[in-house]
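Asker:
Chains as they are written, first to last, in this note's numbering: chain A, 60 to 547; chain B, 60 to 547.
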């Protein structure tokens, strides 16, 4: 099977599509730009959802559900918001079909035109803040810490499975607060939750930082982002958390009575991560043999392959191993197929990214051992059957840590400090990765750099150090370095 | 607060709306027919989802995700399907907005008209079977046992929160099989899962049966249903499971190679339950004081109210109780509000349907007891603090069982065997409930009965006994009784 995967060195973009297809994660659909998330891909998203949902609830958030549709007029209430991105979207204009009077099939009933068009939500700030107006009267109603798991639609021209699709699945948090400070803290808390999820669960190291004014969410006063580095040296924006100031409260007239009995506009945040994370995780760890999954999010963590094929004796031992591994909280499967050969199965599980493969043969039984193969390093060893659960639990942790460390090392190696434009161009084209360079803080310089090189400022890192220097494009004064990269 | 609830006896329909509003379950939205599911309502749906998802996975199903949009032409490929219900739906005709050239706001960009209109899925058989064509080549690819959690849209004229909304949340299973028998068994397995969920978790007794040809899902060869009885004597269709024969396989040309190496069309089922279940659960158990929730699905099972208000000593004991209850897997909350009075809080938790309330006062501490109030019976008793976790665990089970038994008793009392049309009309109008009556098996009689009385055949019960009799409308031969009722 692996032969069918294009090597990364040859064509990274095709390699990614091959992995998605061969690991059975997603499929194209009959609808332009919309993908089908297949069971193997959806199971990864389910694991991500479960963990993120827990982290949101542990930080005091609750879930709710708001309508899929947004009245068209809502989108233009917050001026920056509509300018920023609400244009390419799915517009519902009618609410009925009828039998085609002139032939087979159905046509849109011209009588069933909506008075006001409805937009399939590209994000829900507008419909939610329109609702919050009824929910918030006084400081006693605050904070509102609400999250929604939903599908959204943005009519993208060029799409790639998981990374950019017309419809995608995500969560969007929308919180309301009685003070600027509290809203800013909320945006920072979620920024931290996202970074922790990326590193601890996805094993994907991220740089935490703020977006420049130019790259901010449309309608936000501050956008916090986590930025990851893919194996082709391009950056992936993996999760953003926005401090929205009072912009949406003003646009939708959401006021509250303060403790001092005065009227004020409510302070807001919004934040989201999406199925894009699945794409990011694939690109961070996988190799030319297929998908590599961090154990904490792998739907199947361990597969047991009886060798050369399943029989009563081998399956009996396998079932005991399953029970022991499950008692350690491990997600394990036994391959009971009798037709395929072990070599074929090995390649298949490699392709699908199962972190650990246990090969169970007759000789192993005699020796009371089992062959353990790691997906990440592709190394094998014999382990004693005794106390296998604890050993595998430890091994899965080692794999999780190794994947994170490997990705961190890759990122270190591909992060370059640069002080002049020629070197910048050379590094960007030949080495790729993050470039740490001075910037004068103006949108003018930022856009000029993008025009000259296609690189954008991924973030102003939270750990930016004060350092004086010169902007690479304008030569003007800079007070610190920011991270540039080509980006997905 | 309870004063604000319209009594059931006065206006059942308004009572339901009052409960939904006062228990903070849902809200109207700015979009016609679409509701906002508030955190308290969504938490119930989350608990339902978690349990159903587990039951689906335990019976071998996996989750996936298919596009929100369906190309218009797909809907007319299965003739019965489009005739049956695909007409009232949301139609996407454009994919871009633009600044209004003649004033403020945005307008639909006339240049961005789609070549083929897209329908927001009212159900996904068509897009899924179009996809299955690529996934199924041989019997080795079967069965496909796939479920999807999704939102769907049906442009309903008259809507009611949870019971009937333009957009609703649901799960839809779509399975593909290599034989008729296996597909029929699958439909029956899910029918059983739904019934078990309704009775064991929602404490909502259901009649299991088959729909008549006239009431079947559009495109199905057999529809299994679970029918519940609401307190106003009307029936609620709570979950359906369809044997689809080869209809969708033929419409979308999904063939497979059999073990005997012949080509045949694939056999199908589909099945779904929705947020309607939340409405059914509300209507089954609640009373004039507010929501009543079965403990197994209640987001908060026990609330501890310090009396007369929280102080250090009471909170210290409360925290210990919380820890003990949590160790028994109980979802418990302490009310730490210092401003509201106990009486106000009691009414509030009654309104919100918390199954058990623990009143913790100074005198209780001295006596090592606690006051325990049940929401279902509104009775109170003093229990020793010792071993409280086990006592409350038992009490929650008692409440769960009591709610089911109460609903069963109500249903028995409201199920009437009737043998002539006049009595049928009289019972239907004055007593309501299920009417068990003979039917000749024809759609003609069924429609005539509906015209005469508004009652429909809810189902042909699975436990129908062979019994000869006369159809109440036509006087023709009948071989057994079916269940009639007015329905939601």
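Even for Gly, the Cβ is constructed at its ideal location relative to N, Cα and C.
What you are looking at is a predicted structure, and each value in this text was computed from that prediction instead of being measured.
Indicate whether at least one CB of chain B lies closer than 7 Å to the CB of residue 400(A).
Answerer: no
Asker: Of the residues that make up the stretch 334-354 of chain B, which ones have a beta carbon closer than 9 Å to any beta carbon in chain A?
Answerer: 334
Asker: With a threshold of 7 Å between beta carbons, is residue 60(A) in contact with chain B?
Answerer: With a pLDDT of only 45 at residue 60(A), under 50, the local geometry of the prediction cannot be trusted, and no value is derived from it.
Asker: Report the CB separation of residue 460(A) from residue 444(A) in whole angstroms; it is logged as a contact under 8 Å.
Answerer: Contact doesn't hold; Cβ gap of about 25 Å is too wide.
Asker: Starting from residue 406(A), trace the alpha helix (DSSP H) both ways and give me its first and last residue.
Answerer: 401-411
Asker: To which residues of the same chain is residue 432(B) closer than 6 Å at the C-beta, ignoring the five residues directly before and after it?
Answerer: 416, 439
Asker: Across which residues does DSSP place residue 346(A) in a beta bridge pair?
Answerer: 349(A)
Asker: Rank 140(A), 123(A), 69(A), 361(A) by C-alpha distance to the C-alpha of residue 206(A) and give the top, closest one.
Answerer: 123(A)
Asker: What residues of chain A sit near residue 155(B), judged by a beta carbon separation below 9 Å?
Answerer: 146, 147, 148, 150, 214
Asker: For the beta strand (DSSP E) holding residue 112(A), just list the boundary residues, first then last.
Answerer: Membership of residue 112(A) in any beta strand (DSSP E) is not indicated; the residue belongs instead to the alpha helix (DSSP H) covering 98-117.
Asker: Looking at residue 420(A): is its Cβ nearer than 7 Å to the Cβ of residue 380(A)?
Answerer: no
Asker: Just how far apart, CA to CA, sit residue 502(B) and residue 294(B)?
Answerer: Residue 502(B) and residue 294(B) have their C-alpha atoms some 20 Å from each other.
Asker: Against residue 125(A), what residues of chain B qualify as contacts under a CB-to-CB distance less than 9 Å, listed in chain order?
Answerer: 88, 93, 95, 96
Asker: How big is the Cα-Cα spacing for residue 164(B) and residue 196(A)?
Answerer: 28 Å
Asker: Can you find a C-beta in chain A that's less than 7 Å from the C-beta of residue 502(B)?
Answerer: no
Asker: Could you tell me the distance, in whole angstroms, from the CA atom of residue 328(A) to the CA atom of residue 309(A)?
Answerer: For the pair residue 328(A) and residue 309(A), the Cα-to-Cα distance works out to about 14 Å.
Asker: With a cut-off of 7 Å, does the C-beta of residue 221(A) fall near any C-beta of chain B?
Answerer: Not closer than 7 Å to any Cβ of chain B, the Cβ of residue 221(A) fails to qualify, so no.
Asker: Let me see if you follow: with CB-CB separation under 7 Å, is residue 391(A) close to chain B or not?
Answerer: no
Asker: Is residue 510(A) a contact residue of the ligand GTP, with contact defined as CB to any heavy atom under 6 Å?
Answerer: The ligand content of the structure shown is nil, which means the ligand GTP is not present either.
Asker: At a CB-CB cut-off below 9 Å, which residues of chain B make contact with residue 309(A)?
Answerer: None at all; the shortest Cβ gap to chain B is about 16 Å.
Asker: Take residue 371(A) as the anchor and find which of 396(A), 362(A), 349(A) has the nearest alpha-carbon.
Answerer: 396(A)
Asker: Tell me where the beta strand (DSSP E) around residue 85(A) begins and ends.
Answerer: 85-87
Asker: What are the start and end residues of the alpha helix (DSSP H) that includes residue 90(B)?
Answerer: Here residue 90(B) belongs to no alpha helix (DSSP H), and DSSP marks it neither H nor E.
Asker: For residue 387(B), which three-state DSSP category applies?
Answerer: coil
Asker: Quick one: Cα of residue 545(B) to Cα of residue 361(A), how far?
Answerer: 53 Å
Asker: Hey, out of 455(A), 347(A), 369(A), whose CA is closest to residue 411(A)'s CA?
Answerer: If you compare the alpha carbons of 455(A), 347(A), 369(A) with that of residue 411(A), the shortest gap goes to 347(A).
Asker: Any idea if residue 33(B) is buried or exposed, counting beta-carbon neighbours within 10 angstroms, 16 or more meaning buried?
Answerer: Because chain B in this structure spans residues 60 to 547, residue 33(B) falls outside the shown range and cannot be described.
Asker: By alpha-carbon positions, which one of 528(B), 332(B), 475(B) ends up nearest to residue 182(B)?
Answerer: Checking every option, the nearest Cα to that of residue 182(B) belongs to 332(B).
Asker: Less than 7 Å separating the beta-carbons of residue 82(A) and residue 349(A)?
Answerer: In terms of Cβ geometry, residue 82(A) and residue 349(A) form a close pair [threshold 7 Å].
Asker: Judging by CA-CA distance, which residue of 242(B), 406(B), 283(B), 425(B) is the nearest neighbour of residue 254(B)?
Answerer: 283(B)
Asker: Cβ closer than 8 Å: which chain A residues qualify as neighbours of residue 539(B)?
Answerer: Those within 8 Å of residue 539(B) in chain A number zero; the least Cβ separation is about 37 Å.
Asker: Quick one: residues in its chain with C-beta nearer than 7 Å to the C-beta of residue 311(A), no 5 flanking neighbours on either side, listed in chain order?
Answerer: Counting only Cβ-Cβ distances below 7 Å, and skipping sequence neighbours, we find 136, 188, 189, 192.
Asker: Against chain B, with Cβ distances strictly below 7 Å, would residue 190(A) count as a contact?
Answerer: yes
Asker: Would you list the residues sitting across from residue 537(B) in a DSSP beta bridge?
Answerer: Within the DSSP bridge table, the entry for residue 537(B) names 528(B) as partners.
Asker: With contact counted as at least three CB pairs below 8 Å, one residue from each stretch, are the stretch 240-253 of chain A and the stretch 289-308 of chain A in contact?
Answerer: yes
Asker: Using a C-beta to C-beta distance shorter than 9 Å, which residues of chain A count as neighbours of residue 131(B)?
Answerer: Within chain A, the residues whose beta carbon sits less than 9 Å from that of residue 131(B) are 156, 164, 165, 166, 167, listed in sequence order.
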